[in-house]
Amino acid sequence: MPAAITLFHSYLTAVSALDLDTTLALFTDDFELTMKPASAGIPVQAKSQLLEGLERTLINWFAPGALKFTVHEVYETKAENRIIAHVNSDGTSKLGTPWHNEYMFIVEVEGEKIRRITEFMDSGSLKGFIEAEMKASGA
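When you line the sequence shown up against this note's numbering, it's residues 112 to 250, in that order.
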């Protein structure tokens, strides 16, 4: 199995477990996360910004292991250090809100670490989840 696929599976496993130390250890020092589509207005995130984002969102929303990822397809690109993956995630938040999302990831590795992730997410699903969480919390 190519290193990019192995690293990507390790990334999904660490995120599902909400294991931030392991997640960050998978990244190069100059790691970048780009969230798409651009219309979402989310700036490119460095490693430290991703950590802050995970703490603000997933750590607050889910218990460890509550978020499950299903990898449907993984495509190797001509560049040996890149893959494209179609993934779904499902779970239930701490407040009982169902989570269902669909993604396309472009993952680039450098050596034994992930250098860059470009993530296309179903922003409509995210919006509905946040609205339901706000309602469930009484906000």
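Positions of the beta carbon are idealized from the N, C-alpha and C atoms, including for glycine.
Residue nearest to Thr117 within the set Ser236, Leu137 and His183 is Leu137 (criterion: CA-CA distance). Going by C-alpha positions, Ile195 is about 7 Å away from Met215. The beta carbon of Glu166 is closer than 8 Å to those of Leu131 in its chain, skipping five residues each way along the sequence. Taking all protein chains in view, the Cβ of Val155 is surrounded by fewer than 16 other Cβ atoms within 10 Å, so the residue is classified as exposed. Secondary structure note for Asn171: its alpha helix (DSSP H) is the uninterrupted segment Leu169 to Trp172.
Under the rule that a run must span 4 or more residues, the alpha helix (DSSP H) segments found entirely inside the region 148 to 235 read 158 to 167 and 169 to 172. Ranked by Cα distance from Lys205, the first of Lys147, Ala243 and Glu163 is Ala243. Beyond the five residues adjoining it in sequence on each side, Pro209 comes within less than 7 Å, by CB distance, of Thr203 in the same chain, given in chain order. Between the region 223 to 241 and the region 143 to 152, the count of C-beta pairs closer than 8 Å reaches three or more; the two stretches touch. Between Ala247 and Gly222, the gap from beta carbon to beta carbon reaches 8 Å or more.
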